[in-house]
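Reviewing the structure listed below.
In my numbering, the protein residues as written are 21 to 422.
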C-alpha cells in the first residue's frame, strides 16, 4: 500500500514539474502578445525621431505642406530677398535623407533673372545658417551639394581677418581697406568664443542693463507691432552668438525669428547654442542668416520688428544700414537698438586709428545723442516716433517706429 502511495506521489510530482514550464511559457507568450518586444520599441522610437526631424526641417524651411511623401521643390520665401536685387529668393533643396544622422541639408537660395540683373545663387544649411553674403559663381556650385569651394574660400578669408586683429594699425599695409576693424574683428573665432564668456557681460560697466532685462524691454516695445504670433517676423540683427535670438525664440511670441550676423564664426557659435532650444520650439520658426546690414537680404515691408543689441558702433556704413532697416520694416514696425556713447570708445579709437584717419579703420563708431538722432531721422523715421535714452555711464537705448 505504501509503495502504491509513494509511486502515486512521485508520478504527481513528475507531472507537475513537466507542466510548470508549459505554464511559464504560456505566460511568456501572453506577455509578448500584450507588450511590444525590444525590437518593436526601438523601431517605434526611431520612427518618432524621424518624424520629429522632419517637423523641424519643415519649420526651418517655412514649408506649409507637411506631407510625409513630399519632395522639396522650389518655393518663394516670404521674407528673404537677394541682397543685390531685393527680389524674393526661391529656396531649392533635394529630398533630405532623414533616416539617422542630422536633419540638416544643403540648400540653394536663388533670385529670379530680370532685365537688369542675372540670377544670383546663394547657399546654406538648414542646421546652421544661410550665407546671403557670398554669391556662388561656379555653375557646379549652384546645386545644394556644391557649396564647398565657396565655404572654403570664405573660411580662409575669415581666418586671415582674425589674424589681422593682432597687427597694430600703424604696421598694417597702407591702403589695406579690405579689413574693416569694427566689422571684421568679430569674424575671429577667438572673439566668438569669448563673447558669452565674459565679453558681453562686461558691457554692464557702461550701463547696459543685462541681457535678461534688455529682453524684457525689447519684448514690451515689440508687443504692439507683433499682435499675430503666427505671422509676425522679428529680426535680431548683429545677433552674435544668439544671446537675444534665443530669448526671442524661446518666448514663443513670434511666428519667425531671424538671427543675422556678418561673422560666420558668430553664427557657428550661435547655431551650437540655439539648436537645443529650437528643437523644443514648436511655435516659432528660426533661421540664421549671414549678411551685411547695409545690404539686408529681406523684402521691403516684410518685417514686424528689428532688434540690434550693442551693434551700431560696429557698422561701417551707418546711413545705408539704417535706411535698410527702415525699408524692411512694415508700416508701424519697430526698431530697438542699444549702443555706446563716444566717450566709452574714445581712447580705443585713438589707438586703433593710428596714422590712418579713415573712419572705416576706427575700432568703433563714435556716437553722441544728437548724432544718433540725426542718423535715424535721416533714415526716414519721424521725430515724434523716435526716443533716445541714455542709461548709466555710456549706454544708449534707441526706440523708433516706422
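All C-beta atoms in this analysis are idealised placements derived from N, C-alpha and C, irrespective of residue type, glycine included. Please read all numbers here as calculations on a predicted model, not as lab measurements.
1. Taking only runs that begin and end inside the region 392-421, name each unbroken beta strand (DSSP E) of 3 or more residues, in chain order.
2. Taking the CB atoms as reference points, tell me whether residue 406 and residue 420 lie closer together than 7 Å.
3. Which whole-angstrom value describes the C-beta separation of residue 364 and residue 226, a residue pair presumed to lie in contact below a C-beta threshold of 8 Å?
4. Got a sec? Which residues, its chain only, sit under 7 Å from residue 109 by beta carbon, not counting five neighbours each side?
5. What's the C-alpha gap between residue 336 and residue 106?
6. DSSP state of residue 147, grouped into three classes?
7. By alpha-carbon positions, which one of 272, 273, 274 and 266 ends up nearest to residue 289?
8. Going straight from the alpha carbon of residue 223 to that of residue 413, what length do you get?
9. What span of residues does the alpha helix (DSSP H) with residue 232 cover, start to end?
10. Under DSSP, the alpha helix (DSSP H) around residue 212 begins and ends at which residues?
11. Report the three-state DSSP secondary structure of residue 97 (helix, strand or coil).
12. Apart from the five residues just before and just after residue 389, which ones in its own chain have a Cβ nearer than 6 Å to its Cβ?
13. Do the region 338-351 and the region 389-401 make contact, defined as three or more Cβ pairs closer than 8 Å?
14. Measure the C-alpha to C-alpha separation of residue 314 and residue 351 and round it to an integer number of angstroms.
15. Which of the three DSSP states, helix, strand or coil, is assigned to residue 106?
16. For the alpha helix (DSSP H) holding residue 341, just list the boundary residues, first then last.
17. In this structure, does DSSP put residue 251 in helix, strand or coil?
18. When burial is assigned at 16 or more other CB atoms within 10 Å of the CB, is residue 234 buried or exposed?
19. When burial is assigned at 16 or more other CB atoms within 10 Å of the CB, is residue 244 buried or exposed?
20. Quick one: is residue 422 buried, meaning 16 or more other Cβ sit within 10 Å of its Cβ, or exposed?
21. Would you identify the three-state DSSP class for residue 355, choosing helix, strand or coil?
22. For a test of the three-state rule: what should DSSP assign to residue 291, helix, strand or coil?
23. Any idea which residues DSSP pairs residue 142 with across the strands?
24. Check the C-beta distance from residue 306 over to residue 323 and give it rounded, since I have them as a contact under 8 Å.
25. Let's see if you can read the secondary structure: which residues bound the beta strand (DSSP E) around residue 307?
26. Which first and last residues belong to the alpha helix (DSSP H) in which residue 266 is found?
27. What span of residues does the beta strand (DSSP E) with residue 218 cover, start to end?
28. In terms of residues, what are the limits of the beta strand (DSSP E) holding residue 279?
29. Where does residue 384 fall in DSSP's three states?
30. I need the boundaries of the beta strand (DSSP E) containing residue 323, first residue and last residue.
31. Between the Cα of residue 385 and those of 357, 331, 317 and 410, spot the shortest distance and give me the residue it belongs to.
32. In whole angstroms, give me the CA-to-CA distance for residue 154 and residue 142.
33. Buried or exposed: residue 281, going by 16 or more other Cβ atoms within 10 Å of its Cβ?
34. Can you round the beta-carbon distance between residue 94 and residue 310 to whole angstroms, since I take them to be within the 8 Å contact cut?
Per the coordinate set shown:
1. 406-411 and 415-421
2. yes
3. Confirmed, about 5 Å.
4. 97, 100, 101, 102, 129, 130 and 131
5. For residue 336 and residue 106, the distance between alpha carbons rounds to 21 Å.
6. coil
7. 266
8. 11 Å
9. 231-242
10. 209-214
11. Correct three-state label for residue 97: strand.
12. 408
13. yes
14. Spanning the two alpha carbons is a distance of roughly 20 Å.
15. coil
16. 338-348
17. Shown here, residue 251 sits in coil according to DSSP, grouped into three states, outside any helix or strand.
18. buried
19. exposed
20. buried
21. strand
22. Residue 291 falls in the helix class under three-state DSSP.
23. Residue pairing by DSSP puts residue 142 in a beta bridge opposite 129.
24. About 15 Å separates the two Cβ atoms, so there is no contact after all.
25. 305-310
26. For residue 266, the enclosing alpha helix (DSSP H) starts and ends at 263-271.
27. Note, residue 218: premise wrong, no beta strand (DSSP E); not H, not E.
28. Membership of residue 279 in the beta strand (DSSP E) is indicated by the continuous run 276-281.
29. coil
30. 323-329
31. 331
32. 7 Å
33. A residue is called buried when at least 16 other Cβ atoms come within 10 angstroms of its Cβ; residue 281 meets this threshold and is buried.
34. That pair is no contact at about 21 Å.
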